[in-house]
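Note sheet for the following structure.
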Amino acid sequence: MTLNRRSFIGTGLVLGAALSAPPLIGQARPRVVIVGGGAGGATAARYIAKDSQGAIDVTLIEPTRTYYTCFFSNLYIGGFRDLASIGHSYGTLAAQYGINVVHDWAVGVDRDGRTVTTAGGHVFPYDKLIVAPGIDFVEGSVPGWDISAQNRMPHSWKAGSQTQLLKAQVEGMRQGGLFCMVAPPDPFRCPPGPYERISMVAHVLRERNPTAKILIVDPKQSFSKQALFEEGWQKHYPGMIQRIGPDFGGNNVSVNPETMEVDIDGQVEKVDVCNVIPAQKAGRIAELAGLTGETGFCPIVPATMQSRMDEDIHVLGDATIAGDMPKSGFSANSHAKVAAMQVRAALTGSTAFPARYSNTCWSLIDTDDGVKVGASYAPTDEMIAKVDGFVSQTGEPADLRKLTYEESLGWYSGIVADMFG
Amino acid sequence: MRGALFPVLALALIGAGQAQAQTRATAIGDAERGAEIWMFCSGCHQIGPEAEISIGPPLNGIFGRRAATVADFPYSRSMTRMGRDGLTWTLDTLDAYIENPRVLVSGTRMSFDGLEDPRERADLLAFLRDFSDRPSNIPEAAPTARADLPRLSEDTLAIVGDRAYGEYLSSECTTCHQRDGSDQGIPSIVFWPQRDFVLAMHAYKQKLRPHPVMQMMAGRLSDEEIAALAAYFGTLTP
Ligand SMILES: Cc1cc2nc3c(=O)[nH]c(=O)nc-3n(C[C@H](O)[C@H](O)[C@H](O)COP(=O)(O)OP(=O)(O)OC[C@H]3O[C@@H](n4cnc5c(N)ncnc54)[C@H](O)[C@@H]3O)c2cc1C
């Protein structure tokens, strides 16, 4: 390709205008390729296919055949869900929506040639590309830990076998043993997630191993829904959970997976189970495609979810810098709908309505004790900014907490139907 | 006539012994006329010292009561949910409920079409109020003054929603509410009569219906957007 980027964008605009005319008989359909079939990618694929009614050729590239949702994976650890109930196949997207589901890894993006290459050696041309690869871990962020140690010290921050492993380790822990979590620094996927996980681990230990202890080492001064979690831990699991924040060395932690030791600011603790959740960055393919900035995440145009680096690419979900929006499945799903609408508008001339975003995150503290936090957001020129929000209150009556939990079950069914059809 | 006429004219509210900002309260309505309207209700509801559960729950002490809290009464799922969300019977929530029961509680079992005339409602409420604790007796009871709620104008109700816009906006709803109408944990919002949908959303917007998520979601929808959503969800094909 000899065109430089600028002249190429110019041509792209002309092309876009031509494409908004009704497609000519025999003319190839515009092509959208989506990398990553999670909360962002699957939703985008389904909405583009559904709403364009066959006018757009949609290819979804996703290596796993069964997507295990991270959301509710903590509930699986706690024994509230079984593994099958959080696994979802791409069958309906292929069968009912005509999406070409390719189980393969994207390994390269040629932005000038507008193609994606997969590990299997296939090349997929696109008119619009959507990149939604979730997160990867920042190497070296927890000294002593790397991906080769993930069996001894699981992260379980991508759901599936890792979640099964952690659950088995918690259940098999020696009586009176010590469970340790190395919590991640901001920004990371699912701000209340580590603390919901602590609640679920405590729930299991209270039943099976009541003399066990839980230690959280945390580089953050404060965390999401902190007052609610701390109240709940006090109430349901008194004396079991201790958290070491940055003032006491929670920000200076290294691990030794061989000896199962955790060094907290020079003080070495021997632990029985260790859940290391490293610092995070956008999924590696985003970096390879040149879509990430200094923070390791992808800057986007708030009104459209287009990459700031390339207007033919939209980035969704955890991989983005989404302003005030937390990295959640709900947020990724919300991003996807805006991007789907923008992509359709660009390729078929359908109407693009103004973007609106929202998020709600539910967490379970103990049986029937659910809490939630949420907000609505709108794009400004610089960022996606919070408009309004709410959070559960401490001291709420038990029946309201139960209702909140039941609501989360309804939400789960709703969002997976919204993603996978 | 049952009970005394509601005596409030201009009542200075005294909160916890110390004088607070004076709230002017006006009489709710004419309880005597309300007693006549009560005839429509008395087929199903009892009121007074001997009142018991019949087809509907007894309505003594209804003011200030959390919805769906009469023991042993088989409430609808919707009413139970509203009660747990925090719906409490006040002048404003009762008024909205009597005007159109389903606007406030979508799946209520009360088979009553609603009283359109605000004066008739006021009179009925004045009658019901006589069977609840009164601020003249209990200083800290909820004021009888009517909050001046912005009510829906006919113009707002007459807006014809843009279904295509509604379809786009609906994607924000379907993260939680299922398009196929299942309602485990999260209520169904499909196939509602459009007017009911519009009124329900405005009830959230005006914070008459409880539930913080819905108050937030509805809070940022314009009148046109609410109409568009009503048009879309009301006309989905199953
Ligand atoms: C324990 C835990 C609990 C959580 N609880 C909640 C919750 O209750 N509510 C909530 O809203 N969110 C929750 N989350 C967060 C939520 O899971 C994520 O925010 C969400 O999955 C982000 O969506 P995404 O599409 O950006 O990424 P993902 O859902 O991770 O999807 C990315 C996909 O891309 C694929 N991929 C990666 N690289 C490539 C490549 N090179 N080629 C092709 N495919 C690739 C991956 O296989 C993956 O399937 C939780 C997270 C965790 C860890």
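Which chain is which? The protein sequence lines are A and B, in order. Mapping of the first sequence onto our numbering: residues 1 to 421, in sequence order. Mapping of the second sequence onto our numbering: residues 1001 to 1238, in sequence order. Heads up, the beta-carbon is just placed ideally off N, CA and C, and yes, glycines get one too. Just so you know, these numbers come straight off a predicted model, no measurement behind them.
Report task. Report the residues of the stretch 1031-1062 of chain B with a CB closer than 7 Å to any CB of chain A, ordered along the chain. Result -> none
Requested in this report: Please name the residues in the stretch 328-356 of chain A whose beta-carbon is closer than 8 Å to at least one beta-carbon of chain B, in chain order.
Outcome: F330, N333, S334, K337, M341, T351, F353 and R356
Query - Length of the line joining the Cα atoms of A/A42 and B/K1205 - result: 32 Å
Query raised in the report: Using Cβ-Cβ distances below 9 Å, what residues of the stretch 44-76 of chain A are close to chain B?
Result: Y47 and D51
Report task. Check the C-beta distance from A/V373 over to A/K225 and give it rounded, since I have them as a contact under 8 Å. Result -> 6 Å
Query raised in the report: Is the CB of A/S199 under 8 Å away from at least one CB in chain B?
Result: No, A/S199 does not count as interfacial toward chain B.
Query raised in the report: Taking C-beta to C-beta, are A/A340 and A/I48 nearer than 8 Å?
Result: yes
Report task. Give the DSSP-derived three-state secondary structure of B/E1120 in the structure shown. Result -> Note: B/E1120 maps to helix in three-state DSSP.
Query raised in the report: Using 8 Å as the limit for Cβ to Cβ distance, is B/D1085 near chain A?
Result: By the rule that beta-carbons nearer than 8 Å mark a contact, B/D1085 touches chain A.
Report task. Check whether the Cβ of A/A332 lies closer than 7 Å to any heavy atom of ligand 1, and answer yes or no. Result -> yes
Query - Option in A/P278, A/V58 and A/T92 with minimal Cα separation from A/T66 - result: A/T92
Query raised in the report: Given 8 Å as the limit, is there contact between the stretch 198-210 of chain A and the stretch 347-355 of chain A, that is, 3 or more CB pairs closer than that?
Result: no
Report task. Determine which residues share a DSSP beta bridge with A/C180 and list them. Result -> DSSP lists A/L215 and A/C274 as partners of A/C180.
Query raised in the report: According to a CB-to-CB cut-off of less than 9 Å, which residues of the stretch 385-400 of chain A neighbour chain B?
Result: Contact residues of the stretch 385-400 of chain A toward chain B are V387, D388, G389, F390, V391, S392, P397, D399 and L400 (C-beta to C-beta distance below 9 Å).
Requested in this report: Determine, using beta carbons only, whether B/E1172 comes closer than 8 Å to chain A.
Outcome: yes
Requested in this report: Kindly examine ligand 1 and report whether one of its heavy atoms sits closer than 7 Å to the Cβ of A/P63.
Outcome: yes
Query raised in the report: Does the separation of the CB atoms of A/L215 and A/L165 fall below 8 Å?
Result: no
Requested in this report: Check whether the Cβ of A/C70 lies closer than 7 Å to any heavy atom of ligand 1, and answer yes or no.
Outcome: Yes; taking the cut-off as 7 Å, the Cβ of A/C70 has a heavy atom of ligand 1 nearer than that.
Query raised in the report: Can you list, in chain order, the residues of its chain whose CB lies under 6 Å from that of A/Y68, leaving out five sequence neighbours each side?
Result: I86, G87, A159 and G160
Query - Chain-ordered neighbours of A/T304 on chain B, where CB pairs are closer than 9 Å - result: Listed by position along chain B, the residues whose Cβ is nearer than 9 Å to that of A/T304 form an empty set, because the closest Cβ is around 14 Å away.
Query raised in the report: Curious, which full-length beta strand (DSSP E) runs of at least 3 residues does the stretch 61-116 of chain A contain?
Result: Listed in chain order, the complete beta strand (DSSP E) runs (minimum 3 residues) inside the stretch 61-116 of chain A are 66-68, 87-89, 100-102 and 106-110.
Query raised in the report: Using 8 Å as the limit for Cβ to Cβ distance, is A/P22 near chain B?
Result: Below a pLDDT of 50, predicted positions are generally treated as unreliable, and A/P22, at 45, falls in that range; the measurement from the model is reported next regardless. Judged by the 8 Å Cβ criterion, A/P22 is not in contact with chain B.
Query raised in the report: CB-CB under 8 Å to B/R1163, same chain, minus the five flanking residues each way: which ones, in chain order?
Result: A1228, A1231, Y1232 and T1235
Query raised in the report: Which residues in the same chain have their Cβ closer than 7 Å to the Cβ of B/T1093, if we skip the five residues on either side of it in sequence?
Result: L1087, L1104 and L1208
Report task. In the DSSP assignment, find the alpha helix (DSSP H) that holds B/Q1046 and state where it starts and stops. Result -> Where B/Q1046 is concerned, there is no enclosing alpha helix (DSSP H), given that its DSSP letter is neither H nor E.
**Report entry** Residue nearest to A/V268 in terms of C-alpha spacing, selected from A/V255, A/P354, A/I277 and A/A289
**Finding:** The shortest C-alpha separation from A/V268 is found at A/V255.
**Report entry** Cutoff 8 Å; reference A/E406; Cβ partners in own chain excluding five residues on either side
**Finding:** G370
Report task. Inspect the beta-carbon positions of B/R1102 and B/S1076 and report whether they are closer than 8 Å. Result -> no
Query raised in the report: Using a threshold of 7 Å, is the CB atom of A/N100 nearer than that to any non-hydrogen atom of ligand 1?
Result: no
Query raised in the report: Cβ of A/A417 less than 8 Å from any chain B Cβ?
Result: yes
Query raised in the report: Do you know offhand how far A/P246's Cα is from A/S222's?
Result: Roughly 9 Å separates the two Cα atoms.
Requested in this report: Out of B/E1120, B/D1155, B/G1166 and B/D1196, point me to the one whose CA is closest to B/G1029's CA.
Outcome: B/E1120
Report task. In the DSSP assignment, find the beta strand (DSSP E) that holds A/A375 and state where it starts and stops. Result -> D369 to P379
Requested in this report: Could you name the residues of chain A that B/H1202 contacts, counting a contact when the two beta carbons are closer than 7 Å?
Outcome: Per Cβ cutoff of 7 Å: no residues; B/H1202 is ~17 Å from chain A at best.
**Report entry** Limits of the unbroken alpha helix (DSSP H) element including A/Y237
**Finding:** Per DSSP, A/Y237 belongs to no alpha helix (DSSP H) and is neither H nor E.
Query raised in the report: Whose C-alpha, out of A/G293, A/P238, A/N100 and A/D51, is nearest the C-alpha of A/G283?
Result: A/G293
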